[in-house]
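Below: the structure, in structure tokens.
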Amino acid sequence: MKKILVIDDQPDNVFILQDRLEHEGFEAISAYDGQTGIRKAIDEQPDLILLDVMMPGMSGFEVCQKLISMEDTRNIPILLVTALTSAEDIKQGLAVGAFDYIKKPFNKTELMARINSALKFSETKKLLIEYEKVKTFAATIVTANHEIKQPLTLINLSIAAIRRELNKEEVSKEGISKRIQFIEKASKDIIEILDQLSSIRRPVFVDYVNDTKMVDIKNIGEDSSPAAN
1 MKKILVIDDQ
11 PDNVFILQDR
21 LEHEGFEAIS
31 AYDGQTGIRK
41 AIDEQPDLIL
51 LDVMMPGMSG
61 FEVCQKLISM
71 EDTRNIPILL
81 VTALTSAEDI
91 KQGLAVGAFD
101 YIKKPFNKTE
111 LMARINSALK
121 FSETKKLLIE
131 YEKVKTFAAT
141 IVTANHEIKQ
151 PLTLINLSIA
161 AIRRELNKEE
171 VSKEGISKRI
181 QFIEKASKDI
191 IEILDQLSSI
201 RRPVFVDYVN
211 DTKMVDIKNI
221 GEDSSPAAN
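Taken in order, the sequence shown gives residues 1 to 229; the numbers are from this note's numbering.
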């Protein structure tokens, strides 16, 4: 069951919206001021928020802006429900991050259509986010395989060379020391590659082989968060 948070300072408005939402099969929760609404949005993680604009204390615009700015609530779609109908008000509402704008008095059919549209958009957005996570994970594996294979090969060859040297009657300490240096250098290269991969927050993908992608670790900015392609 989808959960919808109603934030409005007028109890009558809250009752009407909750009654309609519950009639349509939603779980409806409420808050009567902006601060309480923000706390409930964080704690309850609703699927959608219906937010009044004209409230004492924090206005709906301020509440919307705050919710969009926080990691825990930025992906929750917000519908502003208000009697403010000027083009400037609508522009401001959308500018602070609202998904849509519903004018009071609202038509029940239009209200539900806009709610369902926002929920579908939110679900699609979540699927895209999950897809990007899987895409990044797969590309990271390809990158690790590509970048680490060479130093690992060098380590294995150096170990084999050391074993051959140890089987000789006269062991060359210089030869063993040189191989150990190769192993140390390759080990440091692997650690550096893994550190680079773990520091990437917004990966840049480059073409690899067989239509696969890998993460470009050679063009990481100073903040380790280049814009994704």
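Glycine is no exception: its CB is placed at the ideal position from the N, C-alpha and C atoms. Keep in mind the model is a prediction, meaning the values are calculated, not measured.
| Asked | Found |
| --- | --- |
| What span of residues does the alpha helix (DSSP H) with alanine 118 cover, start to end? | 108–166 |
| From which residue to which residue does the alpha helix (DSSP H) around serine 69 run? | 60–69 |
| Taking the continuous beta strand (DSSP E) assigned at glutamate 169, which residues delimit it? | That residue, glutamate 169, is in no beta strand (DSSP E); it is neither H nor E in DSSP. |
| State the start and end residues of the unbroken alpha helix (DSSP H) segment that holds alanine 95. | 87–95 |
| If contact is defined by three or more beta carbon pairs under 8 angstroms, each pair taking one atom from either stretch, is the segment 91–108 in contact with the segment 117–125? | yes |
| Pull up the CB-CB distance for serine 47 and lysine 3, whole angstroms please, since I reckon it's below 8 angstroms. | The sequence shown places aspartate at residue 47, not serine. At roughly 5 angstroms, the Cβ-Cβ gap stays under 8 angstroms, so aspartate 47 and lysine 3 are in contact. |
| Restricting to Cα atoms, I'd like to know which of Asp12, Leu5, Phe106 and Glu110 is closest to valine 63. | Leu5 |
| At what residues does the beta strand (DSSP E) containing lysine 3 begin and finish? | 3–7 |
| Are the beta-carbon atoms belonging to valine 96 and glutamine 65 less than 9 angstroms from one another? | yes |
| Identify the continuous alpha helix (DSSP H) that holds aspartate 43 and give its terminal residues. | 34–44 |
| Which of the three DSSP states, helix, strand or coil, is assigned to phenylalanine 205? | strand |
| Whole angstroms is fine: what's the gap from serine 158's alpha carbon to lysine 188's? | 15 angstroms |
| To the nearest angstrom, how far is it from the Cα of isoleucine 7 to the Cα of phenylalanine 137? | 38 angstroms |
| Can you tell me whether phenylalanine 230 is buried or exposed, with buried defined as 16 or more other CB within 10 angstroms of its CB? | Residue 230 falls outside the range modelled here, since the chain spans only 1 to 229, and no answer is possible. |
| Leaving out the 5 sequence neighbours to the left and right, which residues in its chain are closer than 8 angstroms to glycine 37 when beta-carbon positions are compared? | Leu5, Ile7, Ala31, Ile49, Leu51 and Val63 |
| Nearest chain B C-beta to threonine 140 closer than 9 angstroms, yes or no? | Of the protein chains in this structure there is only one, and it is not chain B. |
| Less than 9 angstroms between the C-beta atoms of methionine 54 and alanine 83, yes or no? | yes |
| Drop a sphere of 10 angstroms on the beta-carbon of proline 56, count the other beta-carbons inside from all chains shown, and report buried for 16 or more, exposed for fewer. | exposed |
| Which one or two residues does DSSP pair with isoleucine 102 in a beta bridge? | Val81 |
| Just to check my reading of the structure: valine 142 and threonine 212 have Cβ atoms closer than 8 angstroms, yes? What is that Cβ distance to the nearest angstrom? | 6 angstroms |
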